[in-house]
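Just so it is clear: in the sequence shown, position 182 is 181 by numbering that gives the first Met the number 0, and no numbers are missing. Yeah, the Cβ is synthetic: ideal placement off N, Cα and C, and Gly gets one too. As the structure is a prediction and not an experimental result, all values here were calculated from the model. Structure, as structure tokens:
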Amino acid sequence: MENWRMLGIDPTKDVSLIKKSYAKKLKIYHPENDPEGYQRLREAYETSLWQAKQVQTYSAFESEQEEIHFLISQQDDMTEQQSKRDGNHQLQVFMKDVETLYNDFFSRIQEENWITLLNSELVWDVNQKSDLQYSLLSFFENYHYLPHSVWLLFDNIFDWSNQTNLISEQFNQEFAEYLLHQISGSKEMSYYFFKEMDHFNYDEYLKLREEILNHLMEGNLEVAKGFFEKAFELYAEDPDLLRMYGVFHLQQADEISAQDSFTNALIHNPMDFDSFIFRAQIQYRSGQYEKVIKDCENLLSSESKNEEALSLIGKCHYQLGNVKEARHYFDLTLDVLDDLEDFEDLDEFVLEEGMYLDQSYYPALGGIGSDPHTASHKTLILNFCWWLTLMFIARNWIYLLLFFLLEIFTSLPLIITAILFVPVTWEVIKQSKVERLMLRNSQMNSKPVEQKSTNALNLYLRCLSSICVKSYVGYSAFYTHHEFAPIRDIWLRRRSLKKELKRWDIHNNYELKKKIDWHITEGYQHEFNQIRRRLSVLSLNARSAYIESNKEHLDYHKMIFVALGIYKIRPSGIAAFDIAWSIYFCRIGRALGHIDKDYALEIMIKAAQKAQQSYTNWNEYMTAYFLGRHFAEGETKLEYDESTFYYIRHLFNSLSTPLKVLNWNYDLLKDYKVNKNNLTKETNLFKYWRKKTKLIYLNKK
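This is the structure in structure tokens:
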């Protein structure tokens with residue numbers, strides 16, 4: 000009965016009445032104004048005709064049916080043609096409105112104007128949507144300088160972000176990618192800091208600005224420089240342009256010009272967080288601590304939980320000797336980061352603050368502000384326990400035990416007994432002497448005990464590289480104080496050292512030297528700097544969107560760690576990671592006899608010099624290393640190892656740390672020749688004992 004109710008008549012076999020009712024209802028349910036109502040009317044009409052047919056003769060019904068279908072078909076054709084004409088006219092009017100709005104720059108950047116325009120009935124006409132979408136995309140292919148919020152508005156209506164394949168086919172891949180960047184905001188820049196100027200071509204300037212962004216991300220600095228000159232001729236008060244100009248100078252290692260550019264950017268946009276932090280980091284590195292504190296405190300007045308500002312204030316107070324204030328701000332920084340779920344388990348993000356905090360509590364380790372005091376009885380006991388721990392780790396007691404067991408249960412000739420006893424005793428005495436030296440240096444009221452220059456250089460190199468030791472804190476600490484020794488490590492640790500090389504797919508001398516050279520000349524720092532170059536030129540919001548839009552990319556996890564280090568570490572990036580491993584490989588290769596000791600020392604000196612040129616203190620070096628470890632984690636089979644994090648912290652909170660007696664700017668070349676001579680003597684001695692051992696073994700056989 001629903002079909003008859005729709006037609007507005009009672010059930011009948013009169014086909015003409017059905018036809019008249021249908022024609023009358025067509026005026027109400029016009030296909031252009033109410034396509035859904037028209038569809039229901041059409042179904043009711045056809046159902047009524049079928050029912051009427053059941054009570055008529057076949058021939059009569061067939062004749063009348065043809066007539067009806069002819070009339071209806073004629074009506075439908077007329078309706079469709081009229082609808083197309085009306086639709087084309089509406090589309091032309093709409094696109095004219097789009098063009099008019101776009102040509103008025105200060106109107107086009109207001110989202111509400113586009114909302115009003117897109118409320119047109121044409122936008123919601125399902126029959127016109129395809130033509131409308133194609134017309135809009137054709138227009139935006141040539142005229143596309145719009146704020147991110149406007150692109151989001153269009154995407155919410157037309158879902159362009161999920162139609163990239165179709166857009167690529169209809170237009171081109173480049174335009175499809177451009178749309179994705181605009182919709183995601185991964186290359187977002189501001190449109191709200193322009194002044195009204197007569198005869199100014201805004202699109203020409205905005206095109207130059209996008210060219211600069213793309214060339215900086217690709218590392219084409221010379222090309223970008225030319226576009227900068229043209230852009231500044233047109234408009235020199237755009238904070239986005241000034242910020243990118245500052246990053247451009249940073250990439251050229253010109254921090255003075257970079258600071259000026261960031262300052263100019265902040266004049267026009269005081270809320271430009273990137274320019275603020277970049278400038279503050281430059282000022283911190285140049286010793287402008289009071290200025291940094293003042294600026295960061297102003298930022299905290301509006302954003303009290305900004306971890307970058309809190310950390311910078313803490314470091315500045317530390318450098319000024321205000322230890323209590325430094326501790327306060329470091330504690331605040333750690334509290335803020337603890338509340339951020341995004342940084343859960345990312346220890347390297349708090350490593351630098353933790354190291355400074357440790358130092359501030361231990362003035363004898365390089366901290367400033369507290370008066371030296373005599374070590375307590377408890378401290379002495381703890382230090383003595385630590386000394387015993389290192390003695391136990393060294394395993395010298397095992398050699399002594401085996402020596403006495405051998406003497407008790409065998410009858411070796413006196414000459415062999417003497418040969419075995421002398422080197423074992425020498426190792427024990429040597430280690431005990433070093434541990435006593437570190438124990439004496441751990442007394443907070445004592446002056447550092449001077450070491451021989453040869454020992455100081457080797458200790459410096461070990462401090463740079465022992466963070467690579469894959470073990471617990473005790474072993475890492477032990478191999479900071481000690482080198483891989485002939486007796487202790489070549490015989491009993493040879494397998495573990497070879498296993499370390501195998502973990503890096505190093506199987507022979509050639510591969511070892513090639514790996515060392517790669518870390519020195521290129522390393523992971525090269526890839527890190529490439530990604531950093533792409534991310535640093537983007538604003539904070541655009542950077543986050545860019546990383547999020549690359550979730551499926553192989554470098555996604557690397558981008559995350561690069562973003563963490565953009566403000567935190569120096570322009571040298573994660574060079575510390577490559578430096579540490581190049582030195583560590585030299586130590587292993589030298590101990591295993593894979594590389595010449597003179598060659599190893601030369602490479603280690605070269606790497607250490609690079610470390611001193613790249614960083615200004617141990618804190619910066621360790622922070623960069625740990626970030627580099629995470630960056631390289633996916634390619635180096637370096638599983639996440641908490642012991643590395645805790646060992647680095649141990650270096651800054653242990654009273655027996657070697658960092659207390661080692662200045663970061665230690666003169667590496669001063670004792671270079673002395674060390675080379677000593678290495679030659681040690682090499683000859685090592686060869687002698689190895690030869691003697693081999694002869695003893697052969698005689699026993």
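T615 counts as exposed, since fewer than 16 other C-beta atoms from the protein chains shown sit within 10 angstroms of its C-beta. Here the C-alpha atom of A43 lies approximately 13 Å from the C-alpha atom of D9. In the same chain as Y665, and ignoring 5 residues on each side of it, the C-beta atoms closer than 6 Å to its own belong to Y459, in chain order. For V291, the uninterrupted alpha helix (DSSP H) segment begins and ends at 288-301. A contact between stretches requires three or more CB pairs, one per stretch, nearer than 8 Å, and the segment 135-155 meets this requirement with the segment 180-191.
Taking the C-beta atoms as reference points, F139 is found no nearer than 7 Å to L121. S613 is positioned such that its CB atom lies closer than 7 Å to that of S571. The C-beta of I114 has fewer than 16 other C-beta atoms within 10 Å across all chains shown, which makes the residue exposed.
V421 is classed as exposed because its beta carbon has fewer than 16 other beta carbons within 10 Å across all chains shown.
Sequence-distant Cβ neighbours of S543 in its own chain, meaning closer than 7 Å and more than five residues away, do not exist here. Following the DSSP letters along the chain, one finds Q251 in no alpha helix (DSSP H), marked with neither H nor E.
In this structure, F261 is the residue among N297, I266, K293, F261 with its C-alpha nearest to the C-alpha of I281.
Here R648 carries a helix assignment [DSSP, helix/strand/coil]. Counting the other Cβ atoms within 10 Å of the Cβ of P238 gives 16 or more, which makes it buried.
Cβ-Cβ distances below 6 Å link E307 to I276, Y566 in the same chain, with the five nearest sequence neighbours on each side left out; the list follows chain order. Annotation: the segment 195-234 contains the following complete segments of the alpha helix (DSSP H) (minimum length 4 residues), in chain order: 201-217, 220-233. Per DSSP, H143 lies in no alpha helix (DSSP H) and is assigned neither H nor E. In terms of CA proximity to G218, L534 leads the group L100, D330, W503, L534.
A straight-line Cα-Cα distance of about 45 Å links L404 and D577. Collapsing the DSSP output to three states places Q529 in a helix. Relative to S189, the option among F199, F174, E209, N200 whose CA is nearest is E209. A straight line joining the alpha-carbon of Q89 with that of L135 spans about 14 Å. Taking 4 residues as the shortest admissible run, the segment 593-624 contains the following complete alpha helix (DSSP H) segments, listed from N- to C-terminal end: 596-613.
Taking every protein chain shown into account, the CB of Y234 has 16 or more other CB atoms within 10 angstroms, so this residue is buried.
Secondary structure of T424 (DSSP, three-state): helix. Taking a cut-off of 8 Å on C-beta distances, the segment 215-231 touches the segment 196-207, as three or more cross pairs fall below it. Assigned with DSSP and collapsed to three states, S571 falls in coil, not helix or strand. A straight-line Cα-Cα distance of about 7 Å links E482 and R461.
The Cβ atoms of S310 and T332 lie closer than 7 Å to each other.
Membership of W3 in the alpha helix (DSSP H) is indicated by the continuous run 1-6. Contact annotation: S495 and Y583 have beta-carbon atoms that are not nearer than 7 Å. Separation of Y244 and A257 (C-alpha to C-alpha, rounded to the nearest whole angstrom) is 7 Å. Boundaries cannot be given for D158, as no alpha helix (DSSP H) includes it and DSSP labels it neither H nor E.
Under the three-state reduction of DSSP, Y28 is assigned to coil, being neither helix nor strand. By alpha-carbon distance to G564, the top candidate from A599, G588, Y545, N528 is N528.
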